[in-house]
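Heads up: the structure comes next, in structure tokens.
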Amino acid sequence: MKKATQLITFISIINTLSAANWYVAPNGNNNNPGTLSQPFKTIPKAIEVAVPGDIIELRNGNYPSNEIRISKSNLTIRSYIGEWAIITATTKVEDISSCIWYDEPNVKGGTLERLEIVGGYYYGVSFETNWDWGLPTQNGASNITIRNCKIHDTGRDCIKIKPACNNIQILSSEIYNSGVGISNSTANGGPNAEGIDNVNGDGMVIRNCYIHDISTSGVYVKGGAKNCIIEENLIYRVQEGGILLGFYTDSDFFDQDGTNPDYYECQYSQARNNIVYNTGGAGIGFFAARNCSAYNNTVVTASPNFHAPLYFSSGEIWISNNLTLKPPNFNIEVYNNIFVDQGGNGDEDYTVQIREGALSGTNFINYNIYQKINQNAKFDDGISWPALTFSKWKSQLGFDANSKDVSPMLDNNWHLTAGSPAIDAGYKSPANKDYDAQPRSGNTDIGADEYGNGMVLQVPPPANFIGTGANTTLSKVQELFTTVSVDVYPNPVSEYIYVKLDEENIIPKLAISSIDGKQIKIITGNKIRVEELPNGLYFLSIWVNGARASVPIIVQH
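Numbered per the numbering used here, the sequence shown finishes at 561, counting up by one with no gaps.
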């Protein structure tokens with residue numbers, strides 16, 4: 005066994021050492037060898053010659069997509085350092101169903117990094133499955149990471165995860181303007197255009213993403229998907245639900261191996277440390293979820309179209325023409341959350357709504373703060389009429405014994421202010437960080453923010469940031485170098501930030517500015533000292549031979 009392990013390790017090292025970099029540029033030529041000095045012209049050409057483990061680097065500029073298909077495992081496709089590649093597909097041609105399509109279910113591993121992905125008749129990025137191919141083994145493209153990308157203006161969903169497409173990670177990305185194409189019209193069955201649509205893909209992680217201006221729901225996880233984590237995201241201005249753990253799915257998309265005989269829509273999944281505001285439907289909703297939890301979230305919404313800021317519904321699974329199952333939620337945990345209800349005072353303007361038959365098992369709903377603007381919070385247990393007061397809600401259902409109907413005292417950034425009743429008032433949280441990716445310490449605060457624990461992210465983030473601003477290594481810049489490669493590190497930074505150029509004899513000019521544009525210091529050299537600056541977000545500007553780039557940096561001591 006030891007010899008076998010050593011052999012596997014040796015082979016892994018050899019594969020890593022032999023990985024190649026391929027280069028693509030808008031002014032390249034597919035007859036070129038694909039080197040930095042002689043790049044290919046198209047991304048499909050680079051994919052054609054690449055082997056698993058290779059890296060495809062895209063030079064600055066625009067790349068048309070006639071549906072870029074990735075059929076090989078473990079390829080990395082990214083913008084060249086210091087540059088920005090935009091890949092665009094039409095939303096008007098159904099044969100171009102996706103801008104980028106992992107089209108082989110056997111693909112395992114891969115990364116999309118620092119890319120702008122635009123359009124696609126249905127999807128921006130889609131992951132393929134053989135779920136309905138009639139094969140004995142069901143498989144899907146899996147173990148793929150999307151990092152520091154912008155995905156937007158898609159025909160329907162920005163990201164589509166199909167059954168058995170497992171362990172998809174979407175990190176520090178901006179996802180917006182779904183459903184702009186004709187495929188989302190009412191004539192074509194719309195609106196149906198999520199930011200991220202996961203149907204039975206296990207192990208999904210969505211972290212530090214900014215999801216906004218979505219035709220329907222920001223994120224939903226359904227079809228029996230298991231072990232998914234949605235954390236530290238900003239979800240804003242969506243027409244339906246913000247985060248939905250479960251929704252409505254036909255039985256064909258569920259696992260058929262007997263592990264989920266009751267057809268629970270979402271299982272063993274968590275939504276935590278998210279800020280969700282201005283949603284048309286539920287801020288956070290549970291639909292036939294099993295052993296799922298929502299904790300340390302901040303939700304501010306009126307839910308004007310339907311639902312409530314916190315919403316529970318049974319499922320609705322079509323089995324046959326004669327049978328539709330309606331499983332309830334089972335063993336749900338909702339704690340340490342802030343729900344600010346901006347809705348009106350109508351009979352059905354609830355702060356929390358439980359539809360009839362929507363809860364079963366042992367549920368823990370406690371240590372939350374509820375506020376309904378200019379009036380008391382209103383609760384619907386699915387049975388009583390009219391709405392319950394907070395005291396009746398607690399006594400009749402046994403929930404929220406340690407919760408409060410009070411203003412959480414949020415600032416314009418949806419963070420806690422001094423004296424907030426949310427400070428140190430929470431239940432012990434398994435999350436060791438808050439929305440800002442800062443540590444939680446001492447007694448847990450209620451909501452997404454742990455008050456006074458370091459850097460506070462701007463909400464929404466500055467225009468040049470990708471994602472929420474946490475754990476963002478490089479953003480789209482205002483003016484990009486076309487002749488010089490730039491590496492900026494470390495980021496976050498505590499003492500000095502360094503700028504490395506591919507031409508070592510060039511000395512750049514560097515400047516640090518606040519996020520409102522005020523210049524703090526300027527030097528000529530390859531490093532600039534920041535240890536005297538307070539924690540926070542800044543911009544590093546770099547000048548070389550008259551060209552300029554601006555990169556967001558995080559100072560964190």
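Each residue gets a CB set at the ideal place from its N, CA and C atoms; glycine is no exception.
- Alpha carbon of isoleucine 558 to alpha carbon of phenylalanine 258, nearest angstrom: 42 Å
- Task: State buried or exposed for asparagine 66, treating a residue as buried only when at least 16 other CB atoms are found within 10 Å of its CB.
- Result: With fewer than 16 Cβ atoms within 10 Å of its Cβ, asparagine 66 is classed as exposed.
- Look at the alpha carbon of alanine 29 and the alpha carbon of histidine 216, and state the distance between them as a whole number of angstroms. Cα to Cα, alanine 29 sits roughly 31 Å from histidine 216.
- Query: Hey, quick one: how far does the beta strand (DSSP E) through glutamine 400 stretch, first residue to last?
  - Reply: It is not in any beta strand (DSSP E) - glutamine 400 instead sits in the alpha helix (DSSP H) that spans 394-401.
- Query: Applying the criterion that 16 or more other CB atoms from any shown protein chain within 10 Å of the CB defines a buried residue, is leucine 478 buried or exposed?
  - Reply: Low confidence applies to leucine 478: its pLDDT is 43, below 50, so where it sits in the model is not reliable, and the reading given next is rough at best. A residue is called buried once 16 or more other Cβ atoms fall within 10 Å of its Cβ, and leucine 478 is buried on that count.
- Starting from the Cα of asparagine 468, find the closest Cα among Ile510, Asp353 and Ser518 and give me that residue. Ser518
- Item | glutamate 360, buried or exposed, once every other Cβ within 10 Å from all chains shown has been counted against 16 | exposed
- Query: Where asparagine 572 and aspartate 206 are concerned, what is the direct C-alpha to C-alpha distance, given to the nearest angstrom?
  - Reply: Outside the displayed span of the chain (5 to 561) sits residue 572, for which this structure offers no information.
- Task: Measure the alpha-carbon distance for proline 56 versus tyrosine 240 and round it to whole angstroms.
- Result: 37 Å
- Task: Over the uninterrupted beta strand (DSSP E) stretch that includes alanine 89, give me the two end residues.
- Result: 89-92
- Looking only at its own chain, which residues have a Cβ that is under 7 Å from the Cβ of serine 75, when we skip the five neighbours before and after it? Asp107, Glu108 and Val111
- Does DSSP put phenylalanine 469 in a helix, a strand or coil? If DSSP states are grouped into helix, strand and coil, phenylalanine 469 belongs with coil.
- Message: Could you check whether aspartate 157 and asparagine 181 sit closer than 7 Å to each other, using their CB atoms as the reference points?
- Response: yes
- Query: Contact check, asparagine 188 vs proline 195 under 8 Å by CB: the rounded distance?
  - Reply: 6 Å
- Is proline 167 closer than 7 Å to tryptophan 135 when the C-beta atoms are compared? yes
- Message: Cutting at 7 Å between CB atoms, please list the residues of its own chain near threonine 366, excluding the five before and the five after it.
- Response: Asn335
- Item | Minimum C-alpha distance to alanine 293 - residue among Asn333, Leu314 and Ala441 | Asn333
- Exposed unless 16 or more other CB atoms sit within 10 angstroms - verdict on glutamine 357: buried
- Message: On a Cα-Cα basis, can you pick out the residue from Pro37, Asp353 and Gln142 that is closest to threonine 133?
- Response: Gln142
- Of the choices Asn212, Thr190, Gly144 and Gly222, whose alpha-carbon is the least far from that of cysteine 162? Gly222
- Task: Output the distance between the C-alpha atoms of tyrosine 299 and proline 390, rounded to the nearest integer angstrom.
- Result: 28 Å
- Task: Starting from glutamine 274, follow its DSSP beta bridges and name the residues at the other end.
- Result: Ile233 and Ser297
- Pull up the distance between the alpha-carbon of tyrosine 431 and that of glycine 471, whole angstroms please. 28 Å
- Message: So, with DSSP's three-state summary, where would you put threonine 302?
- Response: Note: threonine 302 maps to strand in three-state DSSP.
- Message: Quick check on this structure: which residue in Trp547, Lys522 and Asn495 has the alpha carbon closest to the alpha carbon of leucine 505?
- Response: Trp547
- Query: What is the DSSP secondary structure of valine 53, counted as helix, strand or coil?
  - Reply: helix
- Quick one, which of Asp99, Lys154 and Val97 has its alpha-carbon nearest leucine 116's? Nearest C-alpha to leucine 116: Lys154.
- Write down every uninterrupted run of the alpha helix (DSSP H) in the segment 488-539 whose length is 4 residues or greater and which is fully enclosed by it, in chain order. none
- Message: Taking the alpha-carbon of asparagine 171 as reference, which of Asn204, Asn152, Ser411 and Ile179 has the nearest alpha-carbon?
- Response: Distance from the Cα of asparagine 171 is smallest, within the candidate group Asn204, Asn152, Ser411 and Ile179, for Asn204.
- Bridge partners - arginine 73, DSSP secondary structure assignment: Trp105
- DSSP state of alanine 553 mapped onto helix, strand, coil: strand
- Message: With H, G and I counted as helix, E and B as strand and the rest as coil, what does DSSP make of isoleucine 174?
- Response: If DSSP states are grouped into helix, strand and coil, isoleucine 174 belongs with the strands.
- Query: Which residues bound the beta strand (DSSP E) around glutamate 61?
  - Reply: 59-62
- Query: In its own chain, which residues sit with a C-beta less than 7 Å from the C-beta of threonine 39, not counting the 5 before and 5 after it?
  - Reply: Tyr27
- Task: Sort Asn231, Gly289 and Pro43 by Cα distance to glutamine 173 and report the nearest one.
- Result: Asn231
- Item | Residue burial classification, lysine 310 (beta-carbon count within 10 angstroms, cutoff 16) | Per the sequence shown, residue 310 should be read as phenylalanine rather than lysine. Result: exposed.
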